[in-house]
Amino acid sequence: MAPEYAMQGIFSVKSDVYSFGVIVLEIVSGRKNNSFHQIEGSLDLVEHVWELWNEGCALEIMDPTLRASCIADQVQRCIHVGLLCVENHAVDRPTIEDVILMLKNETSSVSMPKNPAFITRNSIFDEVETSRSEKLFSSASEITEVQGR
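The C-terminal residue of the sequence shown carries number 149 in full-length UniProt numbering, and the numbering is unbroken.
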């Protein structure tokens, strides 16, 4: 689920792009996004792929059953496009039309992914929790104690 939808209820076509990116990464890895909890220190599939991408070994995520039948450059391209689709900020994600072009045309240049959504997840939760605490605190200080006559 796109972070802007999960946190703020904002839905757009870029939310679908985010979901598509997660599905691409699930297909390449042969694993569900939620199957990565507590595995190798990663919170989810996106974080795990991002770590491998930064280490220069993104192909390690590939489902072993695909290794013999896939072309490594094409799988690398799918991972690359998948990471672009899961950018933290919706405006940084490609349109679905751009995604199709990137996947169809192996010679076109593709920008480098910036920050997938997981990177700022904790700070988003902290902001929400801080905001919630401030509201509770201000409400508590305004409570009037009622006493009988």
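For every residue, glycine included, the Cβ atom is placed at its ideal position computed from N, Cα and C.
Per DSSP, reduced to three states, the secondary structure at Glu-106 is coil, with no helix or strand assignment. Secondary structure within the UniProt domain "Protein kinase" (1 to 118): the alpha helix (DSSP H) runs of 4 or more consecutive residues, fully enclosed, are 3 to 8, 13 to 29, 45 to 54, 72 to 85, 96 to 104 (chain order).
Distance from the Cα of His-80 is smallest, within the candidate group Asn-54, Pro-3, Asp-63, for Asn-54. Pairing Gly-21 with Val-110 gives a Cβ-Cβ distance that is not under 8 Å. Straight-line measurement puts the Cα of Asp-44 at about 19 Å from the Cα of Gln-76. In this structure, Pro-113 sits near Leu-83, with a CB-CB distance shorter than 8 Å. The segment 46 to 61 makes no contact with the segment 7 to 14; the number of CB pairs closer than 8 Å stays below 3. Residue burial annotation: Leu-25 is buried, with at least 16 other C-beta atoms found within 10 angstroms of its C-beta. A residue is called buried when at least 16 other Cβ atoms come within 10 angstroms of its Cβ; Asn-88 meets this threshold and is buried.
Ala-90 is classed as buried because its beta carbon has at least 16 other beta carbons within 10 Å across all chains shown. Taking C-alpha positions only, Pro-116 is separated from Ile-23 by approximately 14 Å.
Apart from sequence neighbours up to five positions away, the residues of its chain that approach Ile-96 with a beta-carbon distance below 8 Å are Val-13, Asp-16, Val-17, Phe-20, ordered along the chain. Rounded to the nearest whole angstrom, the C-alpha separation of Leu-101 and Ala-68 is 26 Å.
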